[in-house]
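Just below is one structure, and these are the notes that go with it.
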Amino acid sequence: MKNIFRGFGSLVSSIVLFLLIGLALALLMIQSSFVDMRFDSEYFVTVSILTGLWFFFLKVFMNAKKLAIWESARSAAISVIVSLGIIAFITISQGSLSIMPAYVVRKALFLEEMLSLGMMNNLLLTIIPIGIAILVVIILGKGRTKVDSSTGWDQLSRCKKVGMMSLFGFIAFFLLIYLGQGGTRDTINQSIIYLKDANVEGFKEYLLSFGPLAAVISGLMMVFQSIIAPLPAFVITFANGLLFGWGLGAILSWSSAMVGAILCFYLAKFLGRPVVEKMVTKKALTWWDQFFAKYGKHAVFIARLVPIVSFDLVSYAAGVTSISFWQFFWATGLGQLPATILYSYLGQNATSTVQILFFLFTIVIALAVIGMILRPKLQGWSKAKHGVKG
20 MKNIFRGFGS LVSSIVLFLL IGLALALLMI QSSFVDMRFD SEYFVTVSIL TGLWFFFLKV
80 FMNAKKLAIW ESARSAAISV IVSLGIIAFI TISQGSLSIM PAYVVRKALF LEEMLSLGMM
140 NNLLLTIIPI GIAILVVIIL GKGRTKVDSS TGWDQLSRCK KVGMMSLFGF IAFFLLIYLG
200 QGGTRDTINQ SIIYLKDANV EGFKEYLLSF GPLAAVISGL MMVFQSIIAP LPAFVITFAN
260 GLLFGWGLGA ILSWSSAMVG AILCFYLAKF LGRPVVEKMV TKKALTWWDQ FFAKYGKHAV
320 FIARLVPIVS FDLVSYAAGV TSISFWQFFW ATGLGQLPAT ILYSYLGQNA TSTVQILFFL
380 FTIVIALAVI GMILRPKLQG WSKAKHGVKG
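Sequential numbering from 20 applies to the sequence shown in this note's numbering.
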């Protein structure tokens with residue numbers, strides 16, 4: 020029970036500390052009219068709180084003590100004093116002490132429809148003093164969470180540490196731009212809608228809106244959906260065939276999909292199995308372990324032939340197996356080539372029936388691969404049956 024209270028206190032301390040840091044940064048950015056007209060600086064608070072939660076996660080599950088700055092008297096004191104100083108100076112000098120912090124935090128936490136400025140201000144006046152008091156108790160009482168983790172932060176190589184922090188930094192930067200730049204957010208949302216709805220014509224027009232950068236945006240979208248978003252890649256491939264012709268479209272789709280697959284493969288190797296299990300679920304990864312164990316180096320090739328199998332799931336699963344990079348590379352490249360060429364050709368010549376043709380092709384290929392997998396068992400069953408009769 021004592022450890023639970025300590026853990027809860029540590030969580031509250033990390034959130035409040037990074038809330039103050041994010042609020043100070045947001046208020047500083049808002050003072051620039053150039054930035055404020057082009058960027059919603061309030062979302063520095065959002066990303067800062069997520070950073071605090073990320074550091075807390077690493078501290079609890081990987082024993083990353085150096086990242087727990089809320090447990091360091093010097094780091095925590097400097098952060099709190101500087102942040103409160105900036106917040107007080109800006110808001111008092113502008114006569115907005117009871118308005119600006121509440122407005123910024125309310126928008127950052129997406130509570131504009133739920134809380135008034137007065138309610139948000141009262142909430143901050145309650146949370147921040149309590150959070151600072153808990154922070155002091157955590158520091159003075161040395162109330163650090165005890166961790167028994169098989170995946171310790173100190174056990175990771177310097178390269179892996181830098182890589183994990185760089186990955187989070189990239190995600191945080193992307194999230195900041197996505198939330199803070201309304202135009203960028205609308206553009207990304209529109210592309211996701213086209214992909215989700217399998218709207219090839221709409222996605223083609225979307226790419227055309229970028230002019231000479233259409234191919235670059237298409238490639239980035241293919242990599243994005245390969246690594247992060249479970250979106251249908253065939254829409255991008257069809258649109259590339261329609262827009263660039265089946266030959267160039269196939270090259271663009273194949274090469275960008277390969278980049279996405281390679282990134283997934285090395286990301287899985289880099290982060291390790293425990294993290295990948297959280298990304299794709301333990302059950303799915305166990306199933307892929309059995310699949311790879313049964314079919315060896317041919318497993319990736321077989322999986323790539325079936326369009327209904329998740330592209331990124333195969334890549335992540337392969338990254339935590341013993342399969343070599345070059346086996347993965349050639350199996351992925353050859354396995355996805357037939358579908359890429361066909362989708363590009365259909366995109367150029369048959370866009371009106373593209374979804375029907377896609378699903379027909381998917382069914383045919385899936386049945387063919389299933390037949391190839393079950394063929395040895397069926398042959399063995401047939402021989403056994405004839406042997407009994409004989």
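Every residue, glycine too, gets a C-beta built ideally from N, C-alpha and C.
Judged by DSSP in its simplified three-state form, D205 adopts helix.
Membership of A217 in any alpha helix (DSSP H) is not indicated, and neither H nor E is assigned to it by DSSP. The criterion of a C-beta distance shorter than 9 Å is satisfied by I106 and L46. S274 sits in a helix when the DSSP states are folded into three classes. Its chain contains N82 as the residues whose beta carbon lies nearer than 8 Å to that of D173, once the 5 sequence neighbours on both sides are disregarded; these appear in chain order. According to the DSSP assignment, L261 belongs to the alpha helix (DSSP H) that extends over 252 to 263.
Per DSSP, reduced to three states, the secondary structure at D173 is helical.
A Cβ-Cβ contact shorter than 9 Å links S245 with S334. At least 9 Å separates the beta-carbon of S210 from that of S272. For the segment 83 to 141, the continuous alpha helix (DSSP H) assignments of 4+ residues that do not extend past its boundaries occur at 92 to 112, 119 to 127, in sequence order. When the alpha-carbon of T110 is set against those of I49, F24, F263, the nearest one is in I49. In the displayed model, F229 falls within coil according to three-state DSSP, outside both helix and strand. Nearest Cα to R125 within the set W306, G41, I247: G41. Straight across, the Cα-Cα distance linking L143 with G28 is about 18 Å.
Per DSSP, D55 is one residue of the alpha helix (DSSP H) stretching across 52 to 57. Residue burial annotation: V101 is exposed, with fewer than 16 other C-beta atoms found within 10 angstroms of its C-beta.
Pairing I88 with V319, the inter-Cα distance amounts to about 43 Å.
For the pair of segments examined, the segment 171 to 191 was found not to touch the segment 200 to 219: the number of CB pairs separated by less than 8 Å stays below three.
By the Cβ test, the segment 267 to 286 is in contact with the segment 231 to 243, since at least three Cβ pairs between them sit closer than 8 Å.
Within the same chain, Cβ atoms closer than 8 Å to the Cβ of L286 are found at L186, I246, Y335, G338, the five residues on either side in sequence being excluded.
A258 sits away from F347, with the two beta carbons spaced by 9 Å or more. Excluding five sequence positions before and after D55, the CB atoms of its chain that fall closer than 6 Å to its own CB belong to I49, given in chain order. Here the alpha carbon of L282 sits roughly 12 Å from the alpha carbon of L290. Taking a 10 Å sphere around the C-beta of Q309, we find fewer than 16 other C-beta atoms and assign the residue as exposed. The Cβ-Cβ distance between A127 and Y62 falls below 9 Å. Closest by C-alpha distance to F284, out of A312, D331, A96, S91, is D331. For G71, the enclosing alpha helix (DSSP H) has its first and last residue at 62 to 81.
Sequence-distant Cβ neighbours of T70 in its own chain, meaning closer than 7 Å and more than five residues away, are F37, A191.
Comparing alpha-carbon positions, the option among G230, K223, L154, P120 lying closest to I97 turns out to be L154.
Ranked by how close their Cα comes to the Cα of L136, the residues I146, I147, T145, V123 have V123 in first place.
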